[in-house]
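Chemist:
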Amino acid sequence: MLNITTNGVTLMTKTTLSGQKIAIMVATGFDEQNFIEIQKMLMGQNAQLKVISPVAGLVHGRTGTQLGMSYPVDALLSETLAVDYDGLIIPFGEAHLSVLAEELHASRIIRAFLREDMPVLVQADALKLISEIDSSIQSDALQSQGETGRHNRLLWAAAGTAMSTITREFVSTCLSDNSDDSAAA
């Protein structure tokens with residue numbers, strides 16, 4: 003926490019994602035190295051990472067052409083509501099994005115996050131999934147902004163973008179004030 007004093011009043015400003023619940027949406031075939039970097043980022047911010055997936059049990063990452071480690075699923079997409087989370091991350095990985103593109107519950111959850119202007123981080127080719135779900139999001143315009151791009155509270159990061167840059171941008175997005183208290187499905 004950072005304390006700021008203004009006109010004799012001390013304000014507490016939150017500087018980490020401590021206590022926030024962040025969903026990471028994956029299916030088997032996500033980029034495992036990137037997933038581990040996301041885990042480290044969120045652990046460093048004291049956030050709770052929850053794996054949401056279309057399948058129960060375990061999902062498998064991918065390292066290059068090899069099947070990677072198994073990770074436990076915390077919640078099924080069919081039972082997930084956006085309102086239960088403070089942010090959403092969708093990592094890259096062609097195989098897992100192909101599965102998510104066909105999953106109606108993935109579309110429902112992503113639409114709810116976008117509609118309610120909740121923080122969403124998508125990496126590399128995951129932007130295509132978002133732009134197919136919401137045609138108002140122009141992937142070319144986001145990608146032309148550099149290694150990261152922003153549309154409202156949607157943050158896109160190119161493959162290979164330094165995790166320190168992604169962390170700074172995502173934390174800033176999550177902590178920015180969004181005064182609309184409506185509920186998302």
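The number in the working numbering is simply the position in the sequence shown, starting from 1, with 2 added. We put the CB at the ideal spot given by N, CA and C, even for glycine. Quantities reported herein were computed from a predicted structural model and do not represent experimental measurements.
1) Pull up the CB-CB distance for Ile-92 and Leu-51, whole angstroms please, since I reckon it's below 8 Å.
2) Within 10 Å of its beta-carbon, does Met-71 have 16 or more other beta-carbons around it, so buried, or fewer, so exposed?
3) Just the Cα atoms here: how many angstroms apart are Met-128 and Asp-142?
4) In the DSSP assignment, find the unbroken alpha helix (DSSP H) run with Leu-99 in it and report its ends.
5) Starting from Leu-144, trace the beta strand (DSSP E) both ways and give me its first and last residue.
6) Taking contact to mean 3 or more Cβ pairs, one atom from each stretch, closer than 8 Å, check whether the region 52–66 and the region 78–85 are in contact.
7) Per DSSP, what are the beta-bridge partners of Met-165 in this structure?
Modeler: With the given structure in hand:
1) Actually they are not in contact, since the Cβ atoms of Ile-92 and Leu-51 sit about 13 Å apart, beyond 8 Å.
2) Answer is exposed; the Cβ neighbour count stays below 16.
3) The sequence given here places Ala at residue 128; Met does not occur at that position. Their Cα atoms are separated by approximately 13 Å.
4) Taken as a continuous stretch (DSSP letters only), the alpha helix (DSSP H) holding Leu-99 covers 96–103.
5) From DSSP, Leu-144 is part of no beta strand (DSSP E) but of the alpha helix (DSSP H) over 141–145.
6) Contact annotation: the region 52–66 touches the region 78–85, with at least three C-beta pairs closer than 8 Å.
7) Per DSSP, none; premise fails for Met-165.
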